[in-house]
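K.L.:
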Amino acid sequence: MQPVMNPKYPGLSVRVADEGFAPYIWGSDFSFEVAAYGAAVIGKPVEQWPVTPIVPYRKCYGIDPEEFSAFHNAPDSAIFMAYLDDEPVGHLVISTNWNGFAHIDELAVHAPARRHGVAKALLDVAQFWSRKKKLPGIMLETQNNNLGACRLYERCGYVIGGIDHLRYRGIDPHTAEVALFWYRLFDNPLEKPISSTTSPRLVP
96 MQPVMNPKYP GLSVRVADEG FAPYIWGSDF SFEVAAYGAA VIGKPVEQWP
146 VTPIVPYRKC YGIDPEEFSA FHNAPDSAIF MAYLDDEPVG HLVISTNWNG
196 FAHIDELAVH APARRHGVAK ALLDVAQFWS RKKKLPGIML ETQNNNLGAC
246 RLYERCGYVI GGIDHLRYRG IDPHTAEVAL FWYRLFDNPL EKPISSTTSP
296 RLVP
């Protein structure tokens, strides 16, 4: 696959992951601040969810590059890296799920590189990859304490298909974290087409 450029951010590109994937992972900060928990409601916009503010804390997912080693150069999975001015700043791990949807196993952006269209560019590549494989849509999971990610998915045409209040209780019986399952359905008749001015383009 050729690099994918985002015309809104000329210095931003997405490429198939190479041997620089592991060093990029170990050298990046994927943490984010949690300041509130949202009570997700299926069918309602994120801005209309009841929100419970909390004392802010920093959350960081432990990402192990070896976990997805089998995803490289595989027929039903792929790893992509995003670059800003040739510096790696984000990644996408995607595969074909058992239910026929594409599954975003991981999407993360280096903290200093956020708000530059990186996550949106990676989601565009996820859509390109999924459509090329003629899959009916994409699914992913995030949590109710990552409201920024929820807003992004909503803007990109994803809708909540399921809410799981018990998923993380085995880790912490008192957790307020709730799993939210988002879906991007390609055959949705209400879906607005992607504008040609914001969609990714392939370059040599």
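Numbering-wise, the sequence shown is residues 96 to 299 according to the numbering used here. Beta carbons are placed, not taken as given, at the ideal position from N, Cα and C, and that holds for glycine.
(1) Judging by CA-CA distance, which residue of P268, H269, T237 is the nearest neighbour of G256?
(2) Measuring alpha carbon to alpha carbon, tell me which of H186, D113, E201 ends up nearest M234.
(3) Counting Cβ pairs, one atom from each stretch, are 3 or more of them under 8 Å apart for the region 191–199 and the region 210–226?
(4) Could you check if S123 is buried or exposed, using at least 16 other CB atoms within 10 Å of its CB as the buried criterion?
(5) Within its chain, find whatever has a CB closer than 7 Å to the CB of P105; leave out the 5 residues flanking it on each side and keep chain order.
(6) Step through the CB atoms of chain D and report whether any lies within less than 9 Å of the CB of N240.
(7) Three or more beta-carbon pairs under 8 Å between the region 204–211 and the region 133–149, yes or no?
(8) Where does Y248 sit, in a helix, a strand or coil, going by DSSP?
(9) Could you name each continuous alpha helix (DSSP H) segment of 4 residues or more that falls completely within the region 106–170, going from the start of the chain to the end?
P.N.:
From the atom records:
(1) T237
(2) E201
(3) yes
(4) buried
(5) none
(6) The structure shown contains no chain D; it is built from a single protein chain.
(7) no
(8) helix
(9) 116–121
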